[in-house]
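Enquirer:
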Amino acid sequence: MAMLQIKPASECAFDQISLGEVMLRLDPGEGRIRTARQFAAWEGGGEYNTSRGLRKVFNYKTAVVTAFVDNEVGHLIEDFIMQGGVSTEFIQWREDDGIGRKVRNGLNFTERGFGIRGAVGNPDRGNTAASHLKPGDIDWDHIFGKLGVRWFHTGGIFAALSETTAALTVEAVKAANKYGTIVSYDLNYRPSLWKTIGGLAKAQEVNREIAKYVDVMIGNEEDFTASLGFEVEGVDHNISNIETDAFKKMIETAVKEFPNFKVAATTLRGVITATINDWSAILWHDGKFHESRKYDKLEILDRVGGGDSFASGVQFGFLEFNDAQKAVDYGAAHGALASTTPGDTSMATRKEVEKQISGGGARVVR
Numbered sequence: 001m002a003m004l005q006i007k008p009a010s011e012c013a014f015d016q017i018s019l020g021e022v023m024l025r026l027d028p029g030e031g032r033i034r035t036a037r038q039f040a041a042w043e044g045g046g047e048y049n050t051s052r053g054l055r056k057v058f059n060y061k062t063a064v065v066t067a068f069v070d071n072e073v074g075h076l077i078e079d080f081i082m083q084g085g086v087s088t089e090f091i092q093w094r095e096d097d098g099i100g101r102k103v104r105n106g107l108n109f110t111e112r113g114f115g116i117r118g119a120v121g122n123p124d125r126g127n128t129a130a131s132h133l134k135p136g137d138i139d140w141d142h143i144f145g146k147l148g149v150r151w152f153h154t155g156g157i158f159a160a161l162s163e164t165t166a167a168l169t170v171e172a173v174k175a176a177n178k179y180g181t182i183v184s185y186d187l188n189y190r191p192s193l194w195k196t197i198g199g200l201a202k203a204q205e206v207n208r209e210i211a212k213y214v215d216v217m218i219g220n221e222e223d224f225t226a227s228l229g230f231e232v233e234g235v236d237h238n239i240s241n242i243e244t245d246a247f248k249k250m251i252e253t254a255v256k257e258f259p260n261f262k263v264a265a266t267t268l269r270g271v272i273t274a275t276i277n278d279w280s281a282i283l284w285h286d287g288k289f290h291e292s293r294k295y296d297k298l299e300i301l302d303r304v305g306g307g308d309s310f311a312s313g314v315q316f317g318f319l320e321f322n323d324a325q326k327a328v329d330y331g332a333a334h335g336a337l338a339s340t341t342p343g344d345t346s347m348a349t350r351k352e353v354e355k356q357i358s359g360g361g362a363r364v365v366r
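For the sequence shown, position 68 matches number 68 in full-length UniProt numbering, and the numbering has no gaps at all.
1) Since residue 52 and residue 345 should fall inside the 8 Å C-beta cutoff, what is the C-beta to C-beta distance between them, to a whole number of angstroms?
2) So, helix, strand or coil for residue 48, using DSSP?
3) Within a Cβ cutoff of 7 Å, which residues of the same chain sit near residue 117, ignoring the five residues on either side of it in sequence?
4) Please list the terminal residues of the continuous beta strand (DSSP E) segment that includes residue 110.
5) So, for residue 338: in the same chain, excluding its five sequence neighbours on each side, which residues have a beta-carbon less than 6 Å away from its beta-carbon?
6) Can you tell me the Cα-Cα spacing of residue 175 and residue 187, whole angstroms?
7) Looking at residue 62: is its Cβ nearer than 7 Å to the Cβ of residue 91?
8) If you scan the stretch 235–279 from start to end, which runs of the beta strand (DSSP E) of 3 or more residues do you find wholly inside it?
9) To the nearest angstrom, how far is it from the Cα of residue 195 to the Cα of residue 202?
10) Please classify residue 152: does DSSP put it in a helix, a strand, or coil?
11) Cutting at 6 Å between CB atoms, please list the residues of its own chain near residue 263, excluding the five before and the five after it.
12) In whole angstroms, give me the CA-to-CA distance for residue 221 and residue 183.
13) Looking only at its chain, what residues have a beta carbon closer than 7 Å to the beta carbon of residue 46, apart from the 5 residues adjacent to it on each side?
14) Measure the C-alpha to C-alpha separation of residue 31 and residue 111 and round it to an integer number of angstroms.
15) What three-state label does DSSP hand residue 24 in the structure shown?
16) Distance, Cα to Cα, residue 16 vs residue 84?
17) From residue 354 to residue 140, what distance separates their C-alpha atoms?
18) On the CB-based measure, 16 or more other CB atoms within 10 Å of its CB, does residue 265 come out buried or exposed?
19) Looking only at its chain, what residues have a beta carbon closer than 7 Å to the beta carbon of residue 12, apart from the 5 residues adjacent to it on each side?
20) For residue 414, tell me which candidate among 348, 319, 349 and 334 has the shortest Cα-Cα distance.
21) Have a look at residue 288 and residue 79 and give me their C-alpha separation to the nearest angstrom.
22) Within 10 angstroms of its Cβ, does residue 272 collect 16 or more other Cβ (buried), or is it exposed?
23) Tell whether a beta-carbon distance below 7 Å holds between residue 298 and residue 254.
24) Does the separation of the CB atoms of residue 25 and residue 105 fall below 7 Å?
25) The alpha helix (DSSP H) with residue 18 in it runs from where to where?
26) According to DSSP, residue 288 sits in a beta bridge with which residue or residues?
27) Taking C-beta to C-beta, are residue 22 and residue 77 nearer than 7 Å?
28) Quick one: grab the DSSP three-state call for residue 72.
29) Where DSSP assigns a beta bridge to residue 328, which residues make up the other side?
30) Residue 191 and residue 168: beta carbons closer than 7 Å?
31) Is residue 184 helix, strand or coil by DSSP?
32) By the 10 Å Cβ neighbour count, where 16 or more other Cβ atoms means buried, how is residue 360 classified, buried or exposed?
33) For residue 350, which three-state DSSP category applies?
34) Look up residue 89 in the DSSP assignment and say whether it is helix, strand or coil.
35) Measuring only the C-alpha atoms, how far is residue 39 from residue 213?
As structure tokens, this is what we get:
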């Protein structure tokens, strides 16, 4: 089996670096945003969450490239990042205008959902410091060339924040390619983010340009359709494993157009209720599909960030073992465990992940 050409750790200052926005998550716990009187505070961001998981769960050296306003809220989010062990040396700081008229930090109010009531995300991220990032702001030659990075991760949420973040994402993946860093990208299509900067057509234009430089593409069949414009024909929508079949057909189409894709992966989530999901994952590499164990009727405490923990588990599987089956196994187990704890970021340990991979149950540990 062909292996990914991953730089050795001895040649790199960082195992992984992500590019994305990190918001302050405000969580009403078991309650509702509209009736809350107090919130638990966390940090979270689709791209950053992978760096946090790799550092805290798998003990890899990671960093995040993002931007904050230099005020108390910005430094609160920075403090969360520091607690997670992710390097803050590439954070860009912007001057506070005193009112947030020109630039501000992003907030994300998030309900976990329960039973028939689904999870709710209510982001407040307009005019944020991260959305103002633009080409030329980051010295990629220093990061990828001088310091060295084994793996770079970013995604469609950051690319959709503004025209400048879309351009910066293209600049970043090109630079990573130039220096031989593996690039992963989570399509994460969000129509609400694209609607003011060109809609679906712009999303496909931007994502198809980024895709030219991606080694590991993550996303479900809806992401591949919306973000990259691929349609699947001949899929029987009456069969129970529609998502698996659709993903396989989508990938077979995508890799013909983008032969640079060395890996493509997705989680397979069957939503029974907000609290009970069927969960598994599938990964394509070197012409073969690899499937994880199935976590049927997985009980969910907080589903937000489960996909990001899947992505970080996949990255760990390749960085540690360079093995496709291990990558999908670590990804699925890590994502499942992250869904059992509150907040965007994983609270699991590597031992717990490996226990799930081996089929371990939920008996009390003493």
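C-beta atoms are modelled at their ideal positions from N, C-alpha and C, and glycine is treated no differently.
Expert: On the basis of the supplied data:
1) Within the sequence shown, numbered from 1, the residue matching residue 52 stands at position 52. Within the sequence shown, numbered from 1, the residue matching residue 345 stands at position 345. Right, the Cβ-Cβ distance comes to about 5 Å (below 8 Å), so this counts as a contact.
2) The count along the sequence shown starts at 1 and reaches residue 48 at position 48. Three-state result, residue 48: helix.
3) Position 117 of the sequence shown holds residue 117. Counting only Cβ-Cβ distances below 7 Å, and skipping sequence neighbours, we find 274.
4) Reading the sequence shown from its first residue, position 110 is the one you call residue 110. That run of the beta strand (DSSP E) goes 107–111.
5) Taking the first residue of the sequence shown as 1, we reach residue 338 at position 338. If we look at residue 338 and ignore the five residues flanking it on each side, its Cβ neighbours are 305, 306, 309 and 346.
6) Translated into positions along the sequence shown, residue 175 becomes position 175. Translated into positions along the sequence shown, residue 187 becomes position 187. Whole-angstrom Cα-Cα distance: 19 Å.
7) Along the sequence shown, one-based indexing puts residue 62 at 62. Along the sequence shown, one-based indexing puts residue 91 at 91. Cβ distance not < 7 Å, so residue 62 and residue 91 don't count as in contact.
8) 263–271
9) One-based indexing of the sequence shown puts residue 195 at position 195. One-based indexing of the sequence shown puts residue 202 at position 202. C-alpha separation (whole angstroms): 9 Å.
10) As a working mapping, residue 152 is identified with position 152 in the sequence shown. Of the three classes helix, strand and coil, the one that applies to residue 152 here is strand, per DSSP.
11) Taking the first residue of the sequence shown as position 1, residue 263 is located at position 263. Taken in chain order, the residues that qualify are 216 and 285.
12) Your numbering for residue 221 matches position 221 in the sequence shown. Your numbering for residue 183 matches position 183 in the sequence shown. The straight-line gap from Cα to Cα measures roughly 20 Å.
13) Position 46 of the sequence shown, counted from the start, is the residue given in the question as residue 46. Closer than 7 Å at the Cβ level, and outside the excluded window around residue 46, lie 20, 155, 157, 186, 188 and 308.
14) Counted from its first residue, the sequence shown places residue 31 at position 31. Counted from its first residue, the sequence shown places residue 111 at position 111. About 7 Å.
15) Taking the sequence shown and counting its residues from 1, one reaches residue 24 at position 24. Here DSSP, grouped into helix, strand and coil, assigns residue 24 to strand.
16) As a position in the sequence shown, residue 16 is number 16, starting the count at 1. As a position in the sequence shown, residue 84 is number 84, starting the count at 1. Answer to the nearest angstrom: the Cα atoms are 14 Å apart.
17) One-based indexing of the sequence shown puts residue 354 at position 354. One-based indexing of the sequence shown puts residue 140 at position 140. About 35 Å.
18) Position 265 of the sequence shown, counted from the start, is the residue given in the question as residue 265. Flag for residue 265 reads buried.
19) In the sequence shown, the residue the question calls residue 12 occupies position 12. Contacts found: 148, 149 and 150.
20) This structure gives no information on residue 414, because the portion of the chain shown stretches from 1 to 366.
21) In the sequence shown, the residue the question calls residue 288 occupies position 288. In the sequence shown, the residue the question calls residue 79 occupies position 79. About 42 Å.
22) In the sequence shown, residue 272 corresponds to position 272, counting from 1. Counting every other CB atom within 10 Å of its CB across the protein chains shown gives residue 272 a total below 16, marking it as exposed.
23) In the sequence shown, the residue the question calls residue 298 occupies position 298. In the sequence shown, the residue the question calls residue 254 occupies position 254. No, the Cβ-Cβ distance between residue 298 and residue 254 is not below 7 Å.
24) Looking up residue 25 in the sequence shown gives position 25. Looking up residue 105 in the sequence shown gives position 105. Contact: no.
25) Here residue 18 refers to the residue found at position 18 of the sequence shown. From DSSP, residue 18 is part of no alpha helix (DSSP H) but of the beta strand (DSSP E) over 14–19.
26) Reading the sequence shown from its first residue, position 288 is the one you call residue 288. Beta-bridge pairing links residue 288 to 285.
27) On the sequence shown, position 22 is the one that residue 22 refers to. On the sequence shown, position 77 is the one that residue 77 refers to. Yes, the Cβ-Cβ distance between residue 22 and residue 77 is below 7 Å.
28) On the sequence shown, residue 72 is found 72 positions in, with the first residue counted as 1. Helix, per DSSP.
29) Numbered from 1 along the sequence shown, position 328 holds the residue referred to as residue 328. In DSSP, residue 328 forms no bridge with anything.
30) Locating residue 191 in the sequence shown gives position 191, where the first residue counts as 1. Locating residue 168 in the sequence shown gives position 168, where the first residue counts as 1. Going by C-beta atoms, residue 191 is not nearer than 7 Å to residue 168.
31) Taking the sequence shown and counting its residues from 1, one reaches residue 184 at position 184. Strand, per DSSP.
32) If you number the sequence shown from 1, residue 360 lands on position 360. Residue burial is scored here from C-beta neighbours: residue 360 has fewer than 16 other C-beta atoms within 10 angstroms and is therefore classed as exposed.
33) Mapped onto the sequence shown, residue 350 falls at position 350. It is helical.
34) Here the question's residue 89 lines up with position 89 in the sequence shown. If DSSP states are grouped into helix, strand and coil, residue 89 belongs with coil.
35) What you label residue 39 is simply residue 39 of the sequence shown in a count that begins at 1. What you label residue 213 is simply residue 213 of the sequence shown in a count that begins at 1. Near 40 Å, if we compare the C-alpha coordinates of residue 213 and residue 39.
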